[in-house]
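Undergrad: Following the UniProt record's numbering, the numbering of the sequence shown begins with 1 at its first residue and continues without gaps. Where a beta carbon is used, it is the ideal one built from N, C-alpha and C, also for glycine.
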Amino acid sequence: MIDNGGSVSAPTASMHEPNDSFVQPSRQHPAHLPPRIQGNRSTIIFLTVCTKGRRPCLANPELHQCLVTAWSDATHWQVGRYVIMPDHIHLFCAPGQFSPTPLGSWIRFWKTAVSKSIKASAGTLWQADHWDTQLRQHESNDAKWEYVRQNPVRAGLANHPDEWPFQGELNLLRWHD
1 MIDNGGSVSA
11 PTASMHEPND
21 SFVQPSRQHP
31 AHLPPRIQGN
41 RSTIIFLTVC
51 TKGRRPCLAN
61 PELHQCLVTA
71 WSDATHWQVG
81 RYVIMPDHIH
91 LFCAPGQFSP
101 TPLGSWIRFW
111 KTAVSKSIKA
121 SAGTLWQADH
131 WDTQLRQHES
141 NDAKWEYVRQ
151 NPVRAGLANH
161 PDEWPFQGEL
171 NLLRWHD
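(1) Tell me the rounded alpha-carbon separation between I107 and T124.
(2) Could you pull the start and end residues of the alpha helix (DSSP H) that I107 belongs to?
(3) What does DSSP give as the partner residues of H160 in its beta bridges?
(4) Where does T75 fall in DSSP's three states?
(5) Could you tell me the alpha carbon to alpha carbon distance between Q97 and Q65, rounded to whole angstroms?
(6) Rounded to whole angstroms, what's the CA-CA distance from V23 to W131? Just pull it up for me.
(7) So, under 8 Å CB-CB, H83 and L170 are touching, yes? Tell me the CB distance rounded to an integer number of Å.
(8) I'd like to know whether the C-beta atoms of D87 and P56 end up nearer to each other than 8 Å.
(9) Here's the rule I'm using: 16 or more other beta-carbon atoms within 10 Å means buried, otherwise exposed. How should H160 be labelled?
(10) DSSP beta-bridge partners for L47?
(11) Measure how close the beta-carbons of L103 and I45 come, nearest whole angstrom, since I'm counting them as under 8 Å.
(12) Less than 8 Å between the C-beta atoms of A59 and F166, yes or no?
(13) Using beta-carbon positions only, say whether residue 182 and W110 come within less than 8 Å of one another.
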């Protein structure tokens with residue numbers, strides 16, 4: 001490309017965009033696509049929920065029990081494996097009935113239930129949004145779980161994943177194609 005002074009300049013990134021309507025996905029705002037149910041294939045969602053301001057208050061026995069109780073009471077979605085970190089939660093979930101409650105509604109339900117259990121408002125404990133990803137194949141399920149279970153080790157909270165007390169599996173979410 002030649003500028004007005006006759007010198008050559010490198011092309012800019014905007015020159016390579018196919019058109020002005022093309023928008024790159026933003027990692028600041030998750031898409032929240034509805035789960036895609038395909039015949040008998042598993043519908044498993046990998047979910048991350050954070051505390052407001054990433055406040056490290058979740059990894060304690062009382063909150064762990066509150067979460068397990070709320071997830072057990074909110075049967076529209078089933079929680080499989082999960083890890084509770086000080087400032088966020090990773091979990092795998094699947095619809096608990098044929099026409100599930102929207103994922104966002106289910107998350108709001110258990111966030112509110114946990115907040116009430118510890119006498120806090122949901123707006124002061126939880127970040128307003130969440131991250132969700134539908135798993136597409138068994139290998140991604142296994143790889144995500146291995147990543148999640150290593151979180152306490154990477155954070156220096158445990159020497160081995162099995163030493164971390166704030167994890168578990170409420171329902172066995174089987175993968176099938």
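TA: Considering the structure as presented:
(1) 15 Å
(2) L103 to S117
(3) In DSSP, H160 forms no bridge with anything.
(4) coil
(5) 24 Å
(6) Residue placement at V23 is poorly supported in this model, since its pLDDT is 38, which falls under 50; the coordinates are not used for a value here.
(7) Looking at the sequence shown, residue 83 is not His but Val. In fact, because the Cβ distance is near 13 Å, the residues do not count as touching under 8 Å.
(8) yes
(9) exposed
(10) L91 and D132
(11) 7 Å
(12) yes
(13) The question about residue 182 has no answer, for the chain in this structure spans 1 to 177.
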